[in-house]
Structures are given as structure tokens and as C-alpha cells.
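Visitor:
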Amino acid sequence: MTYVVLDGSGTVTTKNNAKTFADLPEESWYKSAVDFASSHELLAGTSANTFSPNISMNRAMMVTALWSLQSKELPTADKLFDDIPDGARFSESVAWAAERGIVAGYDDGSYKPYAALTREQMILMLYRYAESLDMDVSTDESLDKFADAALVSPWTKDAMEWAVSAGLITGVDVTHLNPCDTATRAQAAVVLQHFVRMIVK
């Protein structure tokens, strides 16, 4: 187990609990990241022996990963959203993330835990988590080198610039970020691995 105390008020915790999944090709670009994320209990398998790297990352999965980094810190509120059932496996992580300002609900009082995340939405959650840890998220990075920079939503621009600058996310090729594409679990594993390695020295 590794404990990391940041300059601010946050403490990040990772665990090492190696797992084996049958659906991770040895030569895949994401295998080492999935191994890292699963062994440190940031992302769970979709079954006892599968990870499903190519399915969509959803809002519940992402906050649960960040909550795990935060030693599963207990929230003070029991229920903040109408569509989070009592006792759901993600109920505490969603409440924690909302209290931290990492996520917000929708106007109808819902959270939509199973809604797929876009690549920019995933990065925005990570950016807000970094802010909650008092990390320096300032950057002079520009997204102009990407041909689809104009597709980045204004409300995620700062987060995307920070993530590119920090090496947390790269384009799907040298000229495209594809910010509005759905993030896969494999992509999330890579981003989480980069983030933890950035703060764990």
C-alpha cells in the first residue's frame, strides 16, 4: 500500500492487488495500464475474469475510481440524487464526489450513474479532483495543435489543456483529441495510471 501526502490537504492512497483478465491481449496498448488500475483497485473487472476494455466508461465508474484514490473517504450526506439507490455499490462514491465539487447532478435531481462519459467529461472529473487536492492545475498549454480543438467544450477547455500539458491524455492520433467521443474503460485506465504516476514520486 502506498500513501502519498500532497502539498495541499489531500491524501491519495493506492493498493497493489494484482488481477488477471482473459480479455486483455498481451500486445495491446492498454494492458499495462489496465493491470495497474485493476491491481491498485481503481477499476474493477466486469466479471471475475473479464475487464471489458472497450466498453464505455460511465459516471459511476469514474467517481468510484477517484474515491478509491481517496481511501474511500466517507461522505457526510446519505443521498444527494434521486436516482442513486440506497446501498448501491457506487452510492457513497457519488455522494463523496458531489460534496467535493467533482461532479454535479442534472436539473431533474438525477445523477445518471450509468451515462457514458465523453473523453472531455472524464478529464473534467479528474481536473476537479486535482483541484480538490489543492494541486496546481495552471498551464500555458494550447490545444491549437489539434485539428479538432474547436470541438472541445468551453467548460472543459481548461481541464483539457491541463491534461494535455501534464501528459494525462494524448490525441487518438497526432492531430485529433476527439473530445466528444465516448471514453472507454481502457482509455480511463491509461489516464488514471498517468495521473497516479504524476503525483506518486
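In short: position in the sequence shown from 1, add 803, done, that's this note's numbering.
Beta carbons are placed, not taken as given, at the ideal position from N, Cα and C, and that holds for glycine.
From a predicted model like this one, the values you see are computed outputs, not experimental measurements.
When burial is assigned at 16 or more other CB atoms within 10 Å of the CB, is LEU872 buried or exposed?
Guide: LEU872 is buried by the Cβ-count criterion.
Visitor: Closest to ALA900 by CA distance: which of ASP910, GLU923, TYR930 and THR921 is it?
Guide: With distances taken between Cα atoms, ALA900 lies closest to TYR930.
Visitor: What did DSSP end up calling ASP889 once you bin it into helix, strand or coil?
Guide: Note: ASP889 maps to coil in three-state DSSP.
Visitor: I believe THR987 touches SER859 by the beta-carbon criterion, under 8 Å. Please report the beta-carbon distance rounded to the nearest angstrom.
Guide: Rounded, the Cβ-Cβ distance is 7 Å, consistent with contact.
Visitor: Comparing alpha-carbon positions, which option in GLU876, LEU827, PHE854 and HIS843 lies nearest LEU995?
Guide: The shortest Cα separation from LEU995 among GLU876, LEU827, PHE854 and HIS843 belongs to HIS843.
Visitor: Just the C-alpha distance for MET963 and HIS979, rounded to the nearest angstrom, thanks.
Guide: Their backbone Cα atoms lie some 13 Å apart in a straight line.
Visitor: Between the segment 889–899 and the segment 948–960, do three or more beta carbon pairs fall short of 8 Å?
Guide: They do not touch, by the three-pair rule.
Visitor: Tell me the residue span of the alpha helix (DSSP H) that contains PHE949.
Guide: Per DSSP, PHE949 belongs to no alpha helix (DSSP H) and is neither H nor E.
Visitor: For a quick check, are the C-beta atoms of GLU944 and VAL967 less than 8 Å apart?
Guide: Against a cut-off of 8 Å, the Cβ pair of VAL967 and GLU944 comes out as a contact.
Visitor: Does the distance from the C-beta atom of GLN990 to that of ARG922 stay below 8 Å?
Guide: For GLN990 and ARG922, yes; Cβs fall inside 8 Å.
Visitor: Determine the DSSP secondary structure at ALA868, reduced to helix, strand or coil.
Guide: It is helical.
Visitor: What does a CB cutoff of less than 8 Å around PRO856 pick up in its chain, not counting 5 residues either side in sequence?
Guide: Answer for PRO856: ASP826, LEU827, SER831, TYR833, VAL837, THR987, ARG988, ALA989 and ALA992, listed in chain order.
Visitor: Suppose contacts are defined by Cβ-Cβ distances below 8 Å. Is VAL866 in contact with SER896 by that definition?
Guide: Closer than 8 Å, so yes.
Visitor: Tell me which residues share the same chain as GLU849 and place their Cβ nearer than 6 Å to its Cβ, disregarding the 5 neighbours each side in the sequence.
Guide: According to the sequence provided, residue 849 is Thr. The question's Glu does not apply to it. Contacts found: SER855.
Visitor: What does DSSP give as the partner residue(s) for THR987 in the beta ladder?
Guide: Answer is SER859.
Visitor: So, under 8 Å CB-CB, TYR932 and LEU869 are touching, yes? Tell me the CB distance rounded to an integer number of Å.
Guide: About 5 Å; that satisfies the 8 Å criterion.
Visitor: Can you check the segment 914–968 for any alpha helix (DSSP H) of at least 4 residues that lies completely inside it and give the ranges in chain order?
Guide: Qualifying alpha helix (DSSP H) stretches, in chain order: 922–935.
Visitor: Identify every residue that forms a DSSP beta bridge with ASP976.
Guide: Paired residue(s): HIS979.
Visitor: In chain order, what residues of the same chain have a beta carbon less than 7 Å from the beta carbon of LEU845, not counting five sequence neighbours either side?
Guide: The residues are ALA868, SER871, LEU872 and LEU995.
Visitor: DSSP three-state call for PHE1088: helix, strand or coil?
Guide: Coverage of the chain is limited to positions 804 through 1004, which leaves residue 1088 absent and any answer about it impossible.
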